[in-house]
Structures are given as structure tokens and as C-alpha cells.
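So the protein lines, in turn, are chains A and B. For the first sequence, numbering that gives the first Met the number 0 gives the first residue as 0, with consecutive numbering after it. For the second sequence, numbering that gives the first Met the number 0 gives the first residue as 0, with consecutive numbering after it. We put the beta carbon where it would ideally sit given N, CA and C, even for glycine. None of the values given here were measured: they were computed from a predicted structure. Take a look at the structure set out below.
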Amino acid sequence: MAELKEEVQTEKRKLLVTAPPHISHPDTTQKIMFTVVLSLLPIVVYDIYLFKIYAIITLFFSVFGAVFAEALIQQIRRMPSTISDGSAFLTGVLFALTLPPKVPWWISFIGGFVAIAIGKQAFGGLGYNVFNPALVGRIFVLLSWPKHLTSDWYDKVKLDAVTGATPMFVAKQFYLGSIKIDLSKFYEVHFFKNPYGSMGEASALLILVGFFILLLKRIIDYSTPLTYVATVGVLTALAGRDPIFYVLGGGLLFGAVFMATDYVTTPITRKGKVLFGFGAGVMTFLLRIYANTPEAVAYSILFMNALTPLIDIYTKPRVFGAKKR
Amino acid sequence: MRKAFKGGIHPPEYKEISKDCQITVLEAPERVVLPLSQHVGNPAKPIVNPKDKVVKGQLVAEAQGFVSANIHSPVSGTVIAITKHPSASGIRVESLIIEREESDEEFRYEPLENPEPRSIVERVFQAGIVGLGGAAFPTHVKLSPPEEYPVDTVIINGAECEPYLTVDYRLMIENTDEIIAGALLVKEAVGARRVIIAIESNKEDAAKKIASISPSEIEVVLLPTKYPQGSEKHLIKAVLGREVPQQGLPFHVGVLVQNIQTVIAVKRAVQEGIPLYERVITVSGQAVNNPSNIKVPVGTLVSYIIDILGGLKEDAKKVILGGPMTGIALGRLDVPVTKGTSGIVALSSDIVSRYDESDTCIRCGRCVEVCPMFLQPYLLGTLGRLGRADALIENNVYDCIECGSCSFICPSKRNLVQLIRVGKSIAREVKK
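What follows is the structure, given as C-alpha cells:
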């Protein structure tokens with residue numbers, strides 16, 4: 000029998016051999032992160048216009064603190080650097096926007112650092128953190144240096160000469176009957192130009208612009224922001240209070256659009272996202288009306304972050320071909 | 000147009016590269032390599048010996064058992080060896096090697112006129128027909144559903160949802176009559192009431208062509224273009240709204256699905272007595288010099304086909320047997336086209352995707368959104384990496400059809416389908 004020689008390969012070249020599929024969608028983690036940054040750009044630019052150098056300093060040190068923490072910890076743990084994925088950068092920007100512009104620079108830096116170090120890297124880095132890192136940073140600096148963080152919002156608005164603090168505090172006083180004002184006067188302030196709160200709340204209009212950018216670029220689903228805001232609005236109205244003021248004022252819109260839609264710390268399925276929005280809405284309503292804290296939105300989102308693994312388990316989709324439940 | 004199934008992706012189609020290339024017949028190679036296992040089921044057993052003379056169409060290896068398929072020589076010539084030869088999977092597999100000689104001799108079975116259902120199935124078995132869409136499942140098995148599950152509807156699968164591939168499209172345009180005849184034979188074989196030819200909207204001209212000459216008993220249905228439309232379960236869902244139960248088969252919902260080229264093979268085997276020894280494949284991709292749709296003998300080496308079509312471009316990075324979503328990347332080109340090979344796709348480096356080994360999930364949820372089986376690929380991938388058999392089974396790992404939609408969409412470039420495959424084998428191993 001003739002010895003069979005193997006066919007000689009005519010094409011001598013190195014071919015890449017990997018498992019299928021062999022093509023992929025052009026979107027990458029990095030692209031997504033920077034698209035979110037892009038959606039924040041209108042707000043950031045407006046902040047810089049309103050607060051000039053203060054906004055720049057706060058943004059710079061927040062981002063620097065966050066990126067520095069990421070680099071430092073990965074260096075220490077001898078892990079490959081993930082700075083280029085843009086996630087630490089984004090956390091830095093988000094954290095900065097939870098701050099009032101004139102906060103001391105070192106608070107921005109420490110907060111940004113803590114956001115990444117404790118909020119993210121302590122859990123194992125991107126994808127493993129339970130809580131929204133930017134909000135972890137926010138709550139950390141608030142509890143540590145409350146004086147620097149609570150704005151004297153109402154004083155500065157000077158629409159009526161009554162002392163107060165945050166919009167929510169003002170509303171509370173109003174409904175307690177201790178002050179007499181017209182809440183609807185504030186709609187316009189919140190919507191277009193509100194230079195008295197956190198930087199992210201400078202204009203509800205620009206938050207909506209960011210929201211539409213994220214929707215158009217298919218980065219987020221509308222279900223969480225919508226259910227969140229709607230729940231707060233409806234409950235507030237049912238409680239006999241001005242829903243428009245409660246929706247526009249404070250951190251609700253910013254939190255609903257940019258914090259409650261964070262991939263890592265919120266549910267995967269749409270059903271889960273709706274539950275998350277609803278739960279956060281109820282929490283925010285309760286904290287705003289009954290608790291003595293200015294951080295209703297931040298605490299509500301962090302609380303729902305903790306419930307997210309559970310929500311994921313109970314909102315598993317029905318597998319194709321499985322019996323209908 | 001019908002409603003699409005839920006989930007799925009829209010990969011770039013790249014069909015324009017080869018869709019207008021008429022099917023041409025390639026000059027037969029000097030030598031063919033016939034793996035004994037080129038179908039699902041038991042390998043066939045050779046019934047010829049080295050140095051034996053064989054004629055084109057002659058049975059050279061017999062099916063072993065019910066789930067197996069006959070193999071016929073695509074050329075006249077001499078058997079020169081039965082030995083292990085490199086195959087697409089990278090493993091050497093037992094193969095018959097036949098050297099071609101010029102000859103007009105050819106073996107054919109007796110054509111059947113007005114055949115009984117049973118004799119159609121018998122002929123399909125004799126002719127060694129398997130699913131030509133890529134799965135290579137023996138067709139006679141599919142044509143013999145258990146009696147308690149009567150088939151009322153036959154769906155002819157013209158979805159061809161894999162990017163690049165255009166064989167089914169070309170056949171629908173060029174061999175329309177044979178498709179109709181084959182579809183009616185399949186309907187006859189299982190005693191179905193309806194035949195539906197399902198085609199994606201990106202091949203509307205093919206649908207019109209078929210509809211224009213179909214008899215009234217054949218329906219042509221247009222479906223929204225979406226991957227993996229060609230998956231049996233999803234095709235049935237889109238066309239009839241029926242959901243094949245978990246771990247079930249199409250006959251559980253009274254349906255039989257057959258690929259376009261398979262029904263042509265059935266027609267030829269029954270009406271002309273020609274066994275399955277050749278097939279049409281697409282040769283495409285940004286890195287091939289001459290994209291084509293060609294008819295080749297089963298057993299033709301990929302290297303031969305590429306050479307005769309003018310070779311690969313300088314920046315060829317990957318050569319795939321099948322489509323880019325589920326095909327196998329070749330490490331060497333001296334491997335044969337088998338019955339299940341639907342195409343050869345050569346990708347340049349700018350098209351080839353890179354999957355990331357760091358395996359970081361950002362929980363964006365896109366994989367869950369696109370999974371046509373409604374699984375949670377991000378979770379299964381992680382469980383697969385960790386080797387958690389119980390959790391894998393609890394999360395329905397066996398339901399994954401390995402379409403690759405999750406890997407395609409993942410922004411972190413995790414190769415989820417690969418992690419899930421690993422998970423499946425771990426789960427099977429542990430549960431043994």
C-alpha cells in the first residue's frame with residue numbers, strides 16, 4: 000500500500016484559531032463608559048459656565064482621586080491596569096457632580112479616592128461592587144464633613160427671606176406650616192438654572208438632555224428612571240404635596256438617570272429594573288417625608304443596590320420552552 | 000410579514016460579497032478525503048479496501064445503526080487509503096482517501112415514481128442524506144418521528160441567518176423547481192398537511208421567485224431578518240408561534256424543519272436516484288480574492304478550493320468552515336469539505352473579533368436581552384469558568400443552543416458561548 004503523505008499546505012501563513020463566534024459588536028466597555036461621560040458633558044459645561052474655576056477644581060480632584068485610587072490599588076495588587084476602560088474616570092465625574100461646587104479640593108480628592116477604593120476595588124474591581132461607587136464616596140464625605148456639604152440653598156435663592164437649607168427642607172417647613180411660600184415659583188429655578196445645590200442638579204433640563212443621549216445611544220433602559228420618578232411623583236401627590244416640586248428638586252432626577260442606571264449595581268432584567276425603580280421611589284418618598292436626612296435619593300439607591308442580587312434571582316426570565324409559570 | 004422571535008442580534012450581513020455570484024461547478028480535485036464521521040451519530044463503516052476501484056456514486060461506507068449515514072464516493076477512481084486525516088476540528092479522523100480517474104461511469108439508484116412515504120424515507124437513508132444547513136443530522140431520522148407525535152407542518156428553512164453565507168439564497172433563485180419538488184416529497188414522507196417555506200426579509204427576491212411558481216399547497220412566509228432565525232426552535236416560533244418544549248424536538252409540536260439544500264438532495268435522491276456526494280458552498284469573506292458560490296464534491300480539500308479560486312489576500316487572518324457565528328476556525332487548510340460544510344469564510348484582521356481573557360462582566364444585561372433561549376449568559380459564563388455544575392444545571396445550561404449571540408453583543412468581549420460550552424461539559428462530567 001502506498002505510503003500516504005499528508006497534503007502539503009499550499010498557503011503558508013499563520014491562521015488565528017479561536018472558538019466561535021468570530022465577529023463581534025463594535026461596542027466596548029470603554030465606549031460605553033465614555034458615552035456616559037459624554038451624556039454628562041452638557042451638565043459639566045454648564046457647571047463650568049456657572050461656577051468657573053470652582054467647578055473645574057472639584058471635577059479635577061474628584062476624577063484624580065478616583066483614577067489615582069484605581070491605579071494605586073491595582074499596582075499594589077499587581078493586577079493589570081483597567082484605567083483605560085474609563086470606568087474610574089466616570090465614577091470620578093459622577094462623584095464630583097454630587098458635590099456643591101465650592102467644596103474644599105481635598106474633600107473632592109478624598110471622596111473620589113474612597114469611591115473607587117472602598118466603593119469598587121475593595122469588592123474586587125469593575126463588575127463586582129455591590130454599591131454605586133460614586134454614591135459611596137458621596138455618603139462618606141457627607142458623614143465625615145457635613146458642614147462643607149450641606150448647602151445653604153434656600154438662603155441663596157432669596158425668593159423669600161426665610162432661612163433654610165435644601166429644597167426638601169424648605170418643602171418640609173412649608174408643609175409643616177412654619178413658612179409661607181409659593182413652591183411653584185421654584186419650578187423654573189430647578190429646571191433651567193439652580194446654582195445652589197450639587198453640581199449635578201444645576202439644571203433639570205440638562206439632566207433630561209443626558210437622559211436622551213443615553214437612550215439614543217442605547218446605553219440605558221428607560222424603565223428604572225421612569226418608574227423611579229413616577230413612583231415618587233405619584234406617592235407625593237397622594238400624600239397631598241406638590242409632586243412637581245418633589246420631582247424637580249433635590250437629587251432625584253440626577254440619581255434616577257445616572258445613578259440608578261449603573262449597570263453593575265442594578266438589576267439585569269427589565270422586570271428587575273422596574274422593581275428597582277419602584278423600590279427606590281418608595282424609599283425616597285418615605286425618607287423625604289418622614290426622615291431627617293437630606294440624602295433621600297442617595298440612601299434609597301444604595302438600599303436598592305443591596306437588594307439587587309435578590310431582585311435578580313426573583314426576576315429570572317422564563318427559559319424558552321419551559322412551562323409558563 | 001410575521002413577527003420575529005424574541006431576542007437575537009443583527010450582525011452585519013456581508014451577504015453582498017457573494018450573493019450575486021451564480022453557482023459554478025468546480026473542477027473536481029485529484030483526490031478526495033471522506034471522513035467516516037461527517038454526520039451526527041455513529042461513524043459509517045468502510046465497505047471498500049485500499050486499491051479498490053470505485054465509481055462515482057458508489058456506496059463506500061455503510062451507516063452503522065439508525066442514527067448514522069451512508070457515504071458515497073463523489074468521484075470515480077481508486078481507494079488509496081483508509082487512514083487518519085486532519086479534519087476541521089483539528090483532530091485527525093478516520094477517512095477514506097480516493098484518487099480520481101477520468102471516467103464517465105456513475106452509479107445511481109433506481110428513480111422512484113409516485114413513491115410511498117416509507118420508500119421516500121428509505122431512499123433518503125440509502126442516499127446518505129444529512130441536514131445540509133450545518134448540523135449534519137441524518138435526515139431519515141428526522142423523517143421518522145415517533146407515531147404518537149404526528150407532524151402536521153413541514154417548514155423549509157430558508158432563513159440562512161449566518162452572515163456571509165449565500166448558498167441557500169442562490170439555490171432558491173437558481174434551483175427553485177427542485178426545492179418545490181423536494182419540499183412536497185418531504186411533506187409526503189411525514190404525512191404533513193402544510194408546507195411552509197420560511198425566508199428572511201433580506202432575501203425577498205428569492206421568496207418572490209419561489210412564491211411565483213409554487214403550487215397552492217406551499218406557503219411562502221417572509222420573516223424579519225434576525226440571527227439566529229435559522230435555529231429550528233426559533234424558526235418554528237416565528238412561523239407558527241409554537242414553542243418547542245425544553246429538551247424537546249420539533250416533532251413535539253408537530254413540526255419538521257428541513258434546510259433548503261437538504262430538500263434538493265431529497266428530490267435528487269428520490270426522482271433521479273442520485274446519492275448525496277456533492278454540495279454547494281459559499282466561499283466568501285473580505286480576505287478571499289474571488290468570492291463564489293460553488294458546487295464541490297464532498298471531500299474536496301479547503302486548500303484546493305482556495306487555490307483554484309485565486310487564493311487568499313495578504314491580510315487573511317482567519318479561515319472559517321461554516322459561518323462566522325458558529326463556524327470552526329481552521330488551523331490548517333488541508334481539511335475536507337464535508338456534508339455539513341455550508342461555506343468557507345476568510346476574514347481579514349480588521350473584521351476578526353478579539354475576545355478578552357480578563358472576563359470582566361459589567362452587568363450591562365445585553366446578553367440576557369439577546370439570548371433567544373432566555374437564559375442568563377453572563378451568569379452561566381461565570382459559573383462555567385468556576386466549574387459550578389449544580390448552579391449551571393439549575394440555571395438551565397443545557398438549553399443553550401450555542402448561537403453565539405451573547406458573545407457577539409458583549410461589550411467586555413467575554414466569549415460567553417465558549418465559557419458556557421465548558422460549563423456544559425463540566426456539568427455532564429460531574430453528573431455522570
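_C-beta neighbour in chain A for methionine 171 (chain B), strict 9 Å_ = For the purposes of this step, residue 171 (chain B) is taken as residue 172 along the second sequence, with counting starting at 1. Judged by the 9 Å Cβ criterion, methionine 171 (chain B) is not in contact with chain A.
*Along the chain, where does the beta strand (DSSP E) that runs through isoleucine 263 (chain B) open and close?*
Along the second sequence, one-based indexing puts residue 263 (chain B) at 264. That residue, isoleucine 263 (chain B), is in no beta strand (DSSP E); its alpha helix (DSSP H) goes 259-266.
*asked:* With three or more beta-carbon pairs closer than 8 Å as the criterion, would you say the stretch 18-28 of chain B touches the stretch 313-330 of chain B?
replied: Output reads no: the stretch 313-330 of chain B does not touch the stretch 18-28 of chain B.
*If you measure from the CB of isoleucine 79 (chain B), is any heavy atom of the ligand NAP nearer than 8 Å?*
With respect to the ligand NAP, the structure shown offers nothing to examine, as it has no ligands at all.
*To the nearest angstrom, report how far apart tyrosine 276 (chain B) and proline 223 (chain B) are at their CA atoms.*
The count along the second sequence starts at 1 and reaches residue 276 (chain B) at position 277. The count along the second sequence starts at 1 and reaches residue 223 (chain B) at position 224. Roughly 33 Å separates the two Cα atoms.
_Status (buried if at least 16 other CB within 10 Å, exposed otherwise) for phenylalanine 284 (chain A)_ = Counting from one through the first sequence, the residue named residue 284 (chain A) turns up at place 285. Buried, by the Cβ-count rule.
_Within-9 Å CB hit, lysine 141 (chain B) to chain D_ = Although the question refers to chain D, the structure presented lacks it and instead comprises the protein chains A and B.
*Using DSSP bridges, identify the partner residues of lysine 146 (chain A).*
Your numbering for residue 146 (chain A) matches position 147 in the first sequence. The partner list for lysine 146 (chain A) (beta bridge, DSSP) is empty, contrary to what the question assumes.
*Burial state of arginine 413 (chain B) (16 or more Cβ within 10 Å)*: Position 414 of the second sequence, counted from the start, is the residue given in the question as residue 413 (chain B). Buried.
*Pick from A:Leu215, A:Lys179, A:Phe50, A:Tyr186: whose alpha carbon is nearest that of isoleucine 31 (chain A)?*
Residue mapping note: residue 31 (chain A) aligns to position 32 of the first sequence, counting from 1. That would be A:Leu215, whose Cα lies nearest to the Cα of isoleucine 31 (chain A).
*Go to lysine 207 (chain B), then tell me how far its alpha helix (DSSP H) extends in each direction, as first and last residue.*
Position 208 of the second sequence, counting from 1, holds the residue named residue 207 (chain B). First-last of the alpha helix (DSSP H) with lysine 207 (chain B): 203-212.
*Is the CB of isoleucine 22 (chain A) under 9 Å away from at least one CB in chain B?*
Here residue 22 (chain A) corresponds to residue number 23 of the first sequence, with the count starting at 1. True, the Cβ-Cβ gap to chain B drops below 9 Å.
*Go through its chain and collect everything with a Cβ distance to arginine 1 (chain B)'s Cβ below 8 Å, but skip five positions before and after it.*
For this step, residue 1 (chain B) is matched to residue 2 along the second sequence. Correct list, in chain order: Val220, Leu221, Leu222, Pro223, Ala237, Val238.
*Would you check if there are 3 or more beta carbon pairs closer than 8 Å linking the stretch 291-304 of chain A to the stretch 128-142 of chain A?*
yes
_Between the alpha carbons of alanine 60 (chain B) and isoleucine 70 (chain B), how many angstroms are there, rounded?_
Translated into the one-based positions of the second sequence, residue 60 (chain B) becomes position 61. Translated into the one-based positions of the second sequence, residue 70 (chain B) becomes position 71. The alpha-carbon atoms of alanine 60 (chain B) and isoleucine 70 (chain B) are separated by roughly 5 Å.
*asked:* Run through the DSSP bridge pairs and tell me what serine 291 (chain B) is partnered with.
replied: On the second sequence, position 292 is the one that residue 291 (chain B) refers to. DSSP output for serine 291 (chain B) lists B:Val282 as bridge partner(s).
_Any beta carbon of chain A sitting closer than 9 Å to that of serine 406 (chain B)?_
Within the second sequence, the letter at position 407 stands for residue 406 (chain B). Yes, serine 406 (chain B) counts as interfacial toward chain A.
*asked:* Taking only three categories from DSSP, how would you classify asparagine 304 (chain A)?
replied: Mapped onto the first sequence, residue 304 (chain A) falls at position 305. In the structure shown, asparagine 304 (chain A) sits in a helix (DSSP, three-state: H, G or I).
*Throw me the rounded Cβ distance for the serine 107 (chain A) and threonine 57 (chain A) pair, which I believe falls under 8 Å.*
Position 108 of the first sequence, counted from the start, is the residue given in the question as residue 107 (chain A). Position 58 of the first sequence, counted from the start, is the residue given in the question as residue 57 (chain A). That pair is a contact at about 5 Å.
*asked:* At a CB distance below 8 Å, what residues from the stretch 326-337 of chain B approach chain A? Give them in sequence order.
replied: Within the stretch 326-337 of chain B, contact with chain A at the beta-carbon level (separation under 8 Å) is assigned to Gly326, Ile327, Ala328, Leu329, Gly330, Arg331, Leu332, Asp333.
*Contact with chain B by threonine 162 (chain A), beta-carbon distance below 9 Å*: Here residue 162 (chain A) corresponds to residue number 163 of the first sequence, with the count starting at 1. Residue confidence for threonine 162 (chain A) is low, a pLDDT of 40 falling below 50, so the modelled location carries little weight; the figure read from the coordinates is stated next. Not one chain B Cβ lies under 9 Å of threonine 162 (chain A).
*Anything in chain B within Cβ reach of proline 132 (chain A), meaning under 8 Å, just list it in chain order.*
Taking the first sequence and counting its residues from 1, one reaches residue 132 (chain A) at position 133. Those within 8 Å of proline 132 (chain A) in chain B number zero; the least Cβ separation is about 13 Å.
*Is valine 54 (chain B) closer than 9 Å to glutamate 104 (chain B) when the C-beta atoms are compared?*
Numbered from its first residue, the second sequence carries residue 104 (chain B) at position 105. Numbered from its first residue, the second sequence carries residue 54 (chain B) at position 55. In contact: glutamate 104 (chain B) and valine 54 (chain B) (Cβ atoms closer than 9 Å).
*Measure the Cβ-Cβ separation of proline 144 (chain B) and valine 150 (chain B) and say whether it is below 9 Å.*
By 1-based counting over the second sequence, the position of residue 144 (chain B) is 145. By 1-based counting over the second sequence, the position of residue 150 (chain B) is 151. Yes, these two residues count as a Cβ contact at 9 Å.
*Measuring CA to CA, which of B:Glu147, B:Glu29, B:Pro45, B:Asp358 is closest to phenylalanine 250 (chain B)?*
The count along the second sequence starts at 1 and reaches residue 250 (chain B) at position 251. Of B:Glu147, B:Glu29, B:Pro45, B:Asp358, the residue nearest in Cα terms is B:Glu147.
*Using DSSP bridges, identify the partner residues of glycine 181 (chain B).*
Here residue 181 (chain B) corresponds to residue number 182 of the second sequence, with the count starting at 1. Bridge partners of glycine 181 (chain B): none, in fact.
*Are the C-beta of arginine 317 (chain A) and some C-beta of chain B separated by less than 9 Å?*
Locating residue 317 (chain A) in the first sequence gives position 318, where the first residue counts as 1. True, the Cβ-Cβ gap to chain B drops below 9 Å.
*Based on Cα-Cα distance, which residue from B:Pro227, B:Ala43, B:Thr175, B:Leu184 lies nearest to aspartate 204 (chain B)?*
By 1-based counting over the second sequence, the position of residue 204 (chain B) is 205. Aspartate 204 (chain B) has its Cα closest to that of B:Thr175, out of B:Pro227, B:Ala43, B:Thr175, B:Leu184.
*Could you please give me the residues that DSSP links to lysine 52 (chain B) through a beta bridge?*
Within the second sequence, numbered from 1, the residue matching residue 52 (chain B) stands at position 53. Answer by DSSP bridge pairing, in chain order: B:Thr77.
*What did DSSP end up calling leucine 332 (chain B) once you bin it into helix, strand or coil?*
Position 333 of the second sequence, counted from the start, is the residue given in the question as residue 332 (chain B). Leucine 332 (chain B) falls in the coil class under three-state DSSP.
*Can you find at least 3 beta carbon pairs, one from the stretch 371-389 of chain B and one from the stretch 314-324 of chain A, that sit closer than 8 Å?*
yes
*asked:* Restricting to runs no shorter than 4 residues, where is the alpha helix (DSSP H) found entirely within the stretch 192-227 of chain A?
replied: 203-215
*asked:* Taking a contact to mean a Cβ-Cβ separation below 9 Å, would you say serine 230 (chain B) touches cysteine 363 (chain B) in this structure?
replied: For the purposes of this step, residue 230 (chain B) is taken as the residue at position 231 of the second sequence. For the purposes of this step, residue 363 (chain B) is taken as the residue at position 364 of the second sequence. Result no, Cβ atoms of serine 230 (chain B) and cysteine 363 (chain B) do not sit closer than 9 Å.
*asked:* Is the beta carbon of valine 166 (chain B) closer than 9 Å to that of glutamine 260 (chain B)?
replied: Numbered from 1 along the second sequence, position 261 holds the residue referred to as residue 260 (chain B). Numbered from 1 along the second sequence, position 167 holds the residue referred to as residue 166 (chain B). Between glutamine 260 (chain B) and valine 166 (chain B), the C-beta gap is smaller than 9 Å, which places the two residues in contact.
*Taking only beta-carbon positions, decide if alanine 315 (chain B) is within less than 9 Å of chain A.*
Position 316 of the second sequence, counting from 1, holds the residue named residue 315 (chain B). True, the Cβ-Cβ gap to chain A drops below 9 Å.
*Excluding the 5 residues preceding and the 5 following aspartate 80 (chain B) in the sequence, name in chain order all residues of the same chain whose CB lies nearer than 6 Å to its CB.*
Reading the second sequence from its first residue, position 81 is the one you call residue 80 (chain B). The sequence shown places alanine at residue 80 (chain B), rather than the aspartate named in the question. Excluding positions up to five away in sequence, the list reads Pro49, Ile96.
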